[in-house]
Structures are given as C-alpha cells and as structure tokens.
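Written out below as structure tokens is the structure these notes cover.
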Amino acid sequence: MSEVLTTEQIASYQAQGYLLLESHLPTEVIEDLREDIRRFEEESRLMSASNERLELEEHHSAEQPRIRRIRLPHTISDCVRELMYSDYILAPARDLIGPDLRLHTTKLNMKSAENGAVVEWHQDYAFYPHTNDDILAIGVLIDDMASENGPLMVYPGSHKGPVYDHHADGVFAGAFLPQRVGLNPEDAVELTGPSGSLSIHHGRLVHGSARNTSARSRRVLFYEMMAADAFPISGSLTRWDGIEDYNTRMLCGEPTISPRLKDIPIRIPQPQADVPISIYEIQKGLSKSGFD
Ligand SMILES: O=C(O)CCC(=O)C(=O)O
C-alpha cells in the first residue's frame, strides 16, 4: 500500500524517472524557508569568498548578495531539517524506494535573477555510484519555476540507459554533452511548477538546468536520499566516515550492513580535478556547455 502516491504516479516514475507533485507543501513552510534564506543572504554580505556554509556567485557583493548554493542546509536551518524528516518529503520517497531511507546530502541551489549559473547535464549516480540505484533527489520549489528562470530539465526514461562518461581529458568533470551520446535535445522536458511543488528525480536520470536570464530568482532545495541497503562503491564522492556515522544519516526505517547488489554499468568518478568539491567548479572541466 502506498502512502501518498497513486499507482499511476509510481508507474510513471518507474517508466520516466521523474515526478512533479504540484503545490505539495503549505505556503507557511515555503515562507519559513524564504525567511531562513534571507538570514543567509544577510550573513553573506560580510563574505568575499565562499565558505563551508555558503557558496557565492561570481558577481556577489555586500550591496547585492548572490549566493549560488547553501551547503548542507539541514545542518544550519531548523526548518530545512524539520521538513527533511516530515512526511511531506519522506512519504513519497518511501512509496518509490521503500521504508528504510538514508540521507545522501542536502543543498539549496539558488539561481539569482539575471545571473544564476548553469548546471550542466549529468547523472547524480555518476558522482556517487552505489550498490543499487534506489536513489532519488527531491526538489522543493521555493520560487515558481518556469521556462525563463532556469527550471530543472530532464531526459525522460534516461535512468534506464547507460551511466554516461562524465570525464573530460581523463579527469572527472561531472557532466557530458547529451548530443555526443545520442540524446536528442528536443526530448528534454522542463519541470516547471508553482512554488511549494516537489520534483522527484531518479539518481540515474540525465538532468541539468540553464542560466536564469529572468528578473526573478529560482531557488530549489534538494534532499538526496537512497534505500538504506544502497552502499557507496569505493571511489564514490559520498562522504564515508565509518558505519556509525553512516547510520546517523538514517531518515526513517532500519539500517543494515547487508548491501543489496544490482547489475548496473558503474563508472567511478576518479581521478578528481584539483578544485573545491562543488558541482559548479567540477563542471568547469567540460570544454563546452550543453546549454549554449
Ligand atoms: O539546481 C539545479 O537545477 C540542478 C541541481 C543539480 O542537479 C545538482 O546540484 O546536482
């Protein structure tokens, strides 16, 4: 029995690799998130370089703060943390990948108006291969997401295809050009919707997003999680500080020390470029943008 998703939604996720749950969250939750973001923007006015909490855009200034990403927001924002453990987030995830869930990471990607950075095409699984692919990312749309402000874009069904080569010049670049691997740009779909909606995408789904050229921001809070029996393959970019620490990342259900194996064409994201661990920096290794 599912908790919140219909049989059709579950079948659609399995076939296409993504779902959009329109207006899933109450307005108060979104308002609390926006309030916390304002707090981080104030904090960033005193910063001239990124730190472990806030990653800055190139044109950031004290007068016009521009944050590219809030890192691990569940560790520094009560409302992000409370939402993470709520059924708003966990019930749809349980319907898709089972009752025992472990957090991989959280991030709040902020595409500021007329500036917000591209996220090149990639598969999350290329960054963090695991023993099975019951892995997904839930995106909380904090602003209305429309064509003009850099929505998340996906290639439907691509989670059933290969794990593509995300290397450039022998170094992991965390991205690839869809045209080079035979994906037709016309097949890409924009996940647009009003604030308070959730996007859900499978860990192997090819996705990315264009620059925000509009006059308004596009902020999405991502919760990335996996079935508790998906264990990172050595060389994965998953943080691993031992089993005790790993078990602190349980979101619900029971942990296990018995990984479930699935026959997936795994590639290891190594060697890594000598850049800070940030998707934006890693993807600079790609010689051409997939969004030009
Ligand atoms: O913010 C986006 O549009 C995409 C985010 C993403 O895919 C990532 O950060 O891995």
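Note that the sequence shown covers residues 196 to 487 in this note's numbering. For each residue, glycine too, the CB sits at the ideal point set by N, CA and C.
Inter-residue Cα distance where the pair is residue i and residue j
i	j	result
S390	G334	11 Å
A363	Q465	11 Å
L386	A332	14 Å
D487	R263	20 Å
D273	R375	43 Å
D290	I205	8 Å
K483	L214	29 Å
I477	Y359	16 Å
A244	A210	42 Å
T488	G212	There is simply no residue 488 to check, as the chain begins at 196 and stops at 487 in what is shown.
T300	E419	5 Å
M196	A286	12 Å
A257	E250	14 Å
F426	P454	6 Å
L241	P260	9 Å
E277	L267	14 Å
N310	R233	18 Å
D328	Y280	22 Å
S409	E343	6 Å
V224	H269	14 Å
Q480	G369	At residue 480 the sequence reads Gly, which differs from the Gln that was named. Each residue's alpha carbon lies about 8 Å from the other.
Continuous beta strand (DSSP E) stretch holding residue i: start and end
i	result
T300	L296 to K306
L249	L249 to L251
S404	H402 to S404
L331	I330 to L336
M445	M445 to C447
Where residue i sits in the DSSP three-state scheme
i	result
V313	coil
F191	Residue 191 lies beyond the residue range present for the chain, which begins at 196 and ends at 487; the question has no answer from this structure.
F371	coil
V470	coil
S353	helix
G345	coil
E385	strand
M242	coil
V366	strand
M196	coil
P380	helix
Residues that residue i bridges to, as DSSP identifies them
i	result
L216	L393
Y266	Sequence inspection shows Arg at residue 266; the Tyr mentioned does not correspond to that position. Paired residues: K302.
H454	The residue asked about is misnamed: residue 454 is Pro in this sequence, not His. In the DSSP output, where bridge partners are listed per residue, P454 has none listed.
Bounding residues of the alpha helix (DSSP H) (the contiguous stretch that carries residue i)
i	result
Y418	Here Y418 belongs to no alpha helix (DSSP H); instead the beta strand (DSSP E) covers R413 to A422.
I225	T222 to S239
A288	D282 to I292
A206	T202 to Q211
I438	I438 to N442
R276	D273 to M279
D319	D319 to F322
Report yes or no: do the segment 304-318 and the segment 398-418 share at least 3 C-beta pairs separated by less than 8 Å? Touching, yes, given that three or more Cβ pairs across the two stretches are closer than 8 Å.
Can you find at least 3 beta carbon pairs, one from the segment 438-453 and one from the segment 285-300, that sit closer than 8 Å? Yes, the segment 438-453 touches the segment 285-300.
Would you check if the segment 317-331 and the segment 388-402 touch, i.e. whether three or more CB-CB distances between them fall below 8 Å? Contact between the segment 388-402 and the segment 317-331 is present, because at least three Cβ pairs lie under 8 Å.
Can we say the segment 320-327 touches the segment 346-353, given the rule of at least three CB pairs closer than 8 Å? With the cut-off at 8 Å, the segment 320-327 and the segment 346-353 do not touch.
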